[in-house]
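Numbering (numbering that gives the first Met the number 0), first residue to last: 0 to 283. Just so you know, even glycine gets a beta-carbon here, dropped at the ideal spot from N, CA and C. Here's the structure we're looking at; comments come further down.
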Amino acid sequence: MPELPEVETVRQDLSRVLVGQKLSGMEVGRPRSLRHPDPSTAARWIEGGTVLGVGRVGKHLLIEVDRPTGDTDGRSLVVIHLGMSGQLWWLPSSTAAHRHAHVRIFGESANELRFVDPRTFGWVAVARAAEVATVLPVLERLGPDPLSGDFDATVLSRRIGHRQGRLKALLMDQTVVSGLGNIYSDEVLHAAGLRWDRPACSLDPREIVALHDQIVRVLSDAVSCRGSSLADSQYRDLYGLPGRFQERHRVYARAGKPCARCGETIRKERFGGRSTFFCPSCQT
DNA sequence: AGATGTACCTGGTGGC
DNA sequence: TGCCACCA
DNA sequence: GTACATC
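Printed below as a string of structure tokens:
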């Protein structure tokens, strides 16, 4: 399941191969995977354009394309969310078709960007720069990205406010802070020594600082390890290679094993229909 | 506002 | 081997 | 991973 570190890893690799690349077309195999607009209009908006840069906010990838032929303004944005099982592959466009390759974006170098997504929860959207906010309101509602400049303990404290909900729900709420999912919220909470079911507003200033610091530290470490690839899992980078951060997980998928910090047995509980891992002793 | 359940999908795993 | 419940 | 309905 791609979260911020996995998306950031793909962004870095994508930036290397895509910036300066001229795009020659786009093909949509599964309409459901294209959020906006229709396939032929989407193709028209990127055809002949050159990639200026690849950005990211939270779990969203933003590919910036200039439009030399542009009808209104000069730029388009290709926005991609990988959902639970989405992958992006950069390969020769002659490579054999794949059952779950739902969107293909062709580069001039005879390579293509393939959006592969078995579970189909991910999506691709194309928007003209001026209409992004209108067409994808979800982007406007995102909370600060932890690896950007606008996230500090004060911001986090203000965003926690008087929220009574559980800490893990807060971390996974993309409108509070963007990029954390099931794996990294568990890892961050363990690193900060906080229980997942603490009411968010029960944190004292010292704990808020610890939480902020560990959000930044855990995500940064995970990026430098190129993300997490679970045993049965879905995440692979642009070239099909797994990340290494799963080797550093301290709680996620480690139920029954000893806590690396205190030796107590890691527990697994159910929260919001998904697994939550924590140390019952050193997370308070 | 918060908690809970359901829906959207496919594929791999482990049990019997 | 097939079917199925369970998980991501 | 997310959106939405319901208590």
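(1) Return the bridge partner residues of Glu-284 from the DSSP annotation.
(2) Going by DSSP, what residue range makes up the alpha helix (DSSP H) through Trp-44?
(3) What three-state label does DSSP hand Val-125 in the structure shown?
(4) If we call anything under 7 Å between Cβ atoms a contact, is Leu-323 one with Leu-17?
(5) Restricting to runs no shorter than 3 residues, where is the beta strand (DSSP E) found entirely within the stretch 196-245?
(6) How big is the Cα-Cα spacing for Val-102 and Val-125?
(7) Contact check, Phe-105 vs Met-25 under 8 Å by CB: the rounded distance?
(8) Along the beta strand (DSSP E) that carries Trp-81, what are the first and last residues, could you check?
(9) First and last residue of the alpha helix (DSSP H) that includes Arg-158?
(10) Are the CB atoms of Gly-57 and Gly-178 within a distance shorter than 7 Å?
(11) To the nearest angstrom, report how far apart Asp-144 and Thr-153 are at their CA atoms.
(12) Rank Arg-43, Ile-182 and Thr-174 by C-alpha distance to the C-alpha of Arg-247 and give the top, closest one.
(13) Is the distance from the Cβ of Arg-10 to the Cβ of Arg-55 below 7 Å?
(14) Based on the DSSP secondary-structure assignment, which residues constitute the bridge partners of Glu-63?
(15) Please state if the CB of Glu-268 and the CB of Val-217 are separated by a distance shorter than 7 Å.
(16) Can you give the Cα-Cα distance for Cys-261 and Val-77, rounded to whole angstroms?
(17) Please report the distance separating the alpha-carbon of Gly-160 from that of Val-208.
(18) With respect to the alpha helix (DSSP H) encompassing Thr-264, which residues constitute its N-terminal and C-terminal limits?
(19) For Val-176, name the three-state secondary structure that DSSP assigns.
(20) So the alpha helix (DSSP H) Ser-14 belongs to, where does it begin and stop?
(21) With DSSP run on the structure shown, which of helix, strand or coil describes Val-27?
(22) Helix, strand or coil, according to DSSP, for Leu-188 in the structure here?
(23) Let me make sure I understand the geometry here. Which of Arg-29, Gly-180, Leu-240 and Gln-245 has the alpha-carbon closest to that of Asp-98?
(24) How would you call Ala-41, buried or exposed, if buried means at least 16 neighbouring beta carbons within 10 angstroms?
(25) According to DSSP, Ser-274 sits in a beta bridge with which residue or residues?
(26) Could you give the C-beta distance for Gln-213 and Ala-199, rounded to a whole number, given that I count them as a contact under 8 Å?
(27) When burial is assigned at 16 or more other CB atoms within 10 Å of the CB, is Glu-107 buried or exposed?
(28) Using a 10 Å radius around the Cβ and a threshold of 16 neighbouring Cβ atoms, would you call Ser-32 buried or exposed?
Reading off the structure:
(1) No statement about residue 284 is possible, as the shown extent of the chain runs from 0 to 283 and does not include it.
(2) 38-45
(3) strand
(4) Any answer about residue 323 is impossible in this case: the structure gives the chain only from 0 up to 283.
(5) none
(6) 12 Å
(7) 7 Å
(8) It is Leu, not Trp, that sits at residue 81 in the sequence shown. Per DSSP, Leu-81 belongs to no beta strand (DSSP E) and is neither H nor E.
(9) 152-159
(10) yes
(11) 14 Å
(12) Ile-182
(13) yes
(14) Gly-52 and Leu-76
(15) no
(16) 46 Å
(17) 14 Å
(18) Note, Thr-264: premise wrong, no alpha helix (DSSP H); not H, not E.
(19) coil
(20) 3-17
(21) strand
(22) helix
(23) According to the sequence as given, residue 98 is Arg; it is not Asp. When each option's Cα is compared against that of Arg-98, the closest is Arg-29.
(24) buried
(25) Arg-269
(26) Incorrect: roughly 15 Å between the Cβ atoms, too far for contact.
(27) exposed
(28) buried
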